[in-house]
Amino acid sequence: MKNNLNSGVHRTTPYKVISVILLVFLALLFLFPLYWIVTGSFKTMKEINSATPVWWPSEWVTTNYEKLFSRQTANLFDITIPFVGKTISGPEVPAAIRWLVNTVWMSVAAMIFTCVTATMAGYALAKKRFIGRKLVFSIIICAMALPKQVILIPLIREMSGLELYNTLWAVIFPIVGWPFGVFLMKQFSETIPGEMLEAARMDGASEIKTFLRIVVPLVKPGIGALAIFTFINSWNDYFMQLIMLSSNSTLTIPLGIAKLQSENSTDYGLIMAGAALAAVPILTVFIIFQKYFTQGITMGAVKG
Amino acid sequence: MKKLLALLMCVAMLISFGVSAAFAEETVEITAWVYPVGNWGDPAVVGPIIEGFEAANPGIKVTVEYLDYTSGDDQVNTAIEGGQAPDVVMEAPERLVANWGAKGVMLDLADMWDETDEAEVFEGVKTACFTGDGKLFVYPAVMTAHCMAINYDAFVEAGADQYVDLTTRTWTTENFFKAVDALTEKFGGPVCAVFCAGQGGDQGTRALIANLHEGTITDGTQYIAASEGNAKALTELRDSEGVAIDASIVGGDEIALFYNETFKMAFCWNAAQQLNPNSANTGAGLTINGQKIEYMAFPSEDGVPSLEGGIWGFGIFDPAVRSGDNVDARTEAAKAFIKYVAGSEEGLTATVKAANFFACRDTIKGASLEGIWADNEIMAGYTTLLSNLGPYYQVTPGWTEARTAWWNMLQQVGTGTDPMEALTAYDAAGNAAAAG
Amino acid sequence: MGKRGAMSRALVRRETISGYLFLLPSLIFFVGFVVYPMFMCIFTSFFDSTMGRSDIFVGLANYKELFTDPIFLRALKNTVIIVVVSVPVTCAFSLWAASVIYKLQGPLRSAFRCIFYLPVVTGSVAVTVVWKWMYNNYYGIFNYLGKAVGILDKNINWLGDANFALGCIILILLTTSVGQPIVLYVSALGNVDHSLVEAAQVDGATNLQVFWKIKWAQIMPTTLYILIITTINSFQCFALIQLLTSGGPNHSTDTIMYYIYYEAFKLFRYGYGNAMGVILAIIIAIFSALQFRLAKADTSY
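Chains as they are written, first to last, in this note's numbering: chain A, 1 to 304; chain B, 305 to 740; chain C, 741 to 1041.
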């Protein structure tokens, strides 16, 4: 990218100053929930329930986290070897840790499956001139407008029929099926120069080889964006998790936090601790991969 | 990269088989889903009860999953739809009888009901747990009376303590409003709120309104809330400066506001709350800054209240919505479990203690239960309220719709709709739902 | 695109086979977990379907009931309000924010981008807990600051007042939906062809003219994409309402999405809920198509 930023935009005008001040103010508003969650999770019962806002904990306590970790226990993981039926279980840990493991595992699996299938499909839709291409693409576009909640009841019945209900797969598969990824990767694949594919074909490269050697490297920014996008979306897909998962060993962290509220009391400290535990890992992931994400998502969207 | 991918796929496949088909041994494994009834949402409290049962029944293993009132219904409903309902569920007749029972997904437990149960369980509890045609969908365990609470220190400060009687724990409508005025004068309003954002805690607002001027909500089959008394009560509450009709808070929020001393009264109260206000573990009967909380019956014209009861017990889902191996064996095991936690002296005592409520019978299989709370002053004193229990009408058909309509009714009154009109709409919604 | 004619029949066959083979993994998931349930949803909308008994065919009765159901009509109205307010505001705000951000230095630029994306990353459950506290009638920060500064003379019950509740929900919705548009606009503005801008400036065009005549046209594809994504998201606003207001007070925050959930998950009226879902999907499709048309017409001049 050529650096055009210096061409006459560095004049300081009143408008610019006011804009930046306003923007900083708004940024503080956007930062506030996170600040409140993190500080809140270290406040005492008294301060978090106080009728006047306590901006900064006068004394930092870890009781909320202790409570969160001592509530229930679960195995760190349970892996069953197929056909043998033997289960290998991890050591017993606080249930919140297991929820975290579940959430990471679920998001990573959804991410990998989505990236693989969407890259293949996006490439085919963009570069293969096959019969029915337009129809398939139209259906995919239409499906993106579909409200997810509507298909939940049929999905529950289907998952139960497949004996996947209350497994993390019941959450992962519908995410993988969601057509946004295909759409995004199709946009990306449009940018692949046709000559390169033609040349590869002339050289007698197989379809798979062409795909792996030429297509994948060219759409890498797109894959990166899609990966992060899917990861974040699966992590926060609260409603799908709520209806598909029900046992302590399959819970995810957003679900776990929601469950910390009881009818007659709301232990805000405990909820803040849970929320912090849920937000911090994903934030870290986002901040580390921010660059790839912003690059990738932009390229895909703009190439209409 | 490819190898890593392949490895991940393999691990994925391995884990996928993990949850479903792990156990095939001789022990029968059952699952019990419990709502947070008192401390039944706390694994540290429930764990020992389960251990006690498993020690007495070596062939059975119980896995407990803890539900919450916000998303618990959705989870149970979807589990039923998915044919994966739990074996045992712990909740109140309003869900087990009026909701899932009416939908035909509960197992009739009438065969568990023996002569001693018939003789020992309180009459009002029996009517709530049995359906009209004699099916038992809840094996009852514990009960309580819902009441309200006052910040006694604030009452003293405002000179409103003269209006309450802490021996009988009852008061009149007139004195209630005098107290509200005194508190408002002293602290500024509002000092309490008719919360109506929805979800839990409906019993509190219902009992308040029905008691103020001797109204009724249902006759057990029909919704008949549109009465002069209820309309008068709503009008008075709305017009009182000290009472907010607040559509932004739910029962739990009200408790939090009462606990941090914003409110001086709370309507979503019971014995478990009194023992541990806001579940904060900062002392029985104390607010955040250590002010004294006293529980009170709802005020009524003659000072004799009719309190709403809460009943909780255990049910078993119909085998048709519980797939998996050994359904029959699991049903038997589930019955054994219920017999223990709700039908044996040892189990029921532990259940009652965990719930911070009371047993729904005086004796169990002949053994007296009087001593359960002998060691606890608050609980022993609270029994005075139990004598004021009115009928349990939360099994009236159409209860789910009626509860939503109840919140809407309060919200409408709060925004200026004529109370009678709002109550009539409430009755209509409830009765339409009851009619199917 | 005009290569079709040059392709031999064998090539078409080869392309078709390999095309579908590449599509296959994706299609398995798409058909299995989106298309099939979607079909079931349409199918069930013609039945009286509930828990614990087999479905009864009722034809179009669910659809007929919908248009006489006052709560559904109210929910439809609220949903449209949310969309009509939040979509233009989201687009305008993110365009403005992006126009400020893209001129900033590297680290500052990415910091701002990151901050505005935060609410998306943190997730609605955690964010809502905080907002609920901020809106609180008795000790929330809005009332607290409002009174401290002197704008408010008494507490406003933000979420409990039918006049404010929907606005409050829309405000939260805005914070959770501007993240992606800002990221997109920042890049789109950075990619605007500067030779055109400079040429216009030489010709004496004002900043505003430069913006409308040159930049706006160049970022049109981005705007279109943002419009459609934001529209879909706004139509599907659900979690905020479920966690904050349950549709109240007085149905003032009921949206179609929430009403679907209420009918299907609380009252077990699956057929009715599905009929609503079908209608909602149709409305979203119409809205998106309209925007597409308008935007296309706009770019052509």
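Glycine included, C-beta positions come from ideal geometry on N, C-alpha and C.
Looking at chain A, is there any beta carbon in it that lies within less than 8 angstroms of the beta carbon of residue i?
i                      : result
residue 531 of chain B : no
residue 999 of chain C : no
residue 869 of chain C : yes
residue 722 of chain B : no
residue 375 of chain B : yes
residue 379 of chain B : yes
Determine which residues share a DSSP beta bridge with residue i and list them.
i                      : result
residue 444 of chain B : B:617
residue 455 of chain B : B:597
residue 193 of chain A : DSSP output for residue 193 of chain A lists no bridge partner at all.
residue 249 of chain A : Residue 249 of chain A is not bridged to any residue.
residue 337 of chain B : B:369 and B:393
residue 92 of chain A  : A:75
residue 476 of chain B : B:604
residue 746 of chain B : With chain B covering only 305 through 740, there is no way to say anything about residue 746 of chain B.
residue 671 of chain B : B:668
residue 523 of chain B : In DSSP, residue 523 of chain B forms no bridge with anything.
residue 569 of chain B : B:454
residue 797 of chain C : C:787
Under 8 angstroms between the Cβ atoms of residue i and residue j?
i                       : j                      : result
residue 861 of chain C  : residue 184 of chain A : no
residue 393 of chain B  : residue 334 of chain B : no
residue 686 of chain B  : residue 575 of chain B : yes
residue 915 of chain C  : residue 293 of chain A : no
residue 842 of chain C  : residue 926 of chain C : yes
residue 295 of chain B  : residue 598 of chain B : Here chain B has residues from 305 to 740 only, and residue 295 of chain B is not among them.
residue 496 of chain B  : residue 547 of chain B : yes
residue 936 of chain C  : residue 954 of chain C : yes
residue 1001 of chain C : residue 158 of chain A : no
residue 397 of chain B  : residue 337 of chain B : no
residue 664 of chain B  : residue 573 of chain B : no
residue 386 of chain B  : residue 160 of chain A : yes
Can a CB atom of chain C be found closer than 8 angstroms to the CB of residue i?
i                      : result
residue 606 of chain B : no
residue 503 of chain B : yes
residue 545 of chain B : no
residue 217 of chain A : no
Considering only heavy atoms of the ligand PLP, does any lie closer than 7 angstroms to the CB of residue i?
i                      : result
residue 237 of chain A : Absent from the structure shown: the ligand PLP. Ligands present: none.
Assign residue i to buried or exposed, taking buried as 16 or more other Cβ atoms, counted over all protein chains shown, within 10 Å of its Cβ.
i                       : result
residue 620 of chain B  : buried
residue 272 of chain A  : buried
residue 602 of chain B  : buried
residue 605 of chain B  : exposed
residue 477 of chain B  : buried
residue 1030 of chain C : exposed
residue 755 of chain C  : buried
residue 889 of chain C  : exposed
residue 370 of chain B  : buried
residue 217 of chain A  : exposed
residue 232 of chain A  : buried
residue 745 of chain B  : The first residue shown for chain B is 305 and the last is 740, placing residue 745 of chain B beyond what the model contains.
residue 72 of chain A   : buried
residue 808 of chain C  : exposed
For the putative contact between residue i and residue j, defined by C-beta atoms under 8 angstroms, what is the C-beta separation to the nearest angstrom?
i                      : j                       : result
residue 502 of chain B : residue 988 of chain C  : 6 angstroms
residue 234 of chain A : residue 175 of chain A  : 5 angstroms
residue 230 of chain A : residue 114 of chain A  : 5 angstroms
residue 784 of chain C : residue 1011 of chain C : 5 angstroms
residue 349 of chain B : residue 658 of chain B  : 5 angstroms
residue 970 of chain C : residue 928 of chain C  : About 15 angstroms separates the two Cβ atoms, so there is no contact after all.
Is residue i close to chain B, meaning its C-beta is less than 8 angstroms from at least one C-beta of that chain?
i                      : result
residue 810 of chain C : no
residue 128 of chain A : no
residue 989 of chain C : yes
residue 65 of chain A  : no
residue 49 of chain A  : yes
Of all Cβ atoms in chain D, is any one closer than 8 angstroms to the Cβ of residue i?
i                      : result
residue 347 of chain B : Absence of chain D from the displayed structure is noted, the protein chains being A, B and C.
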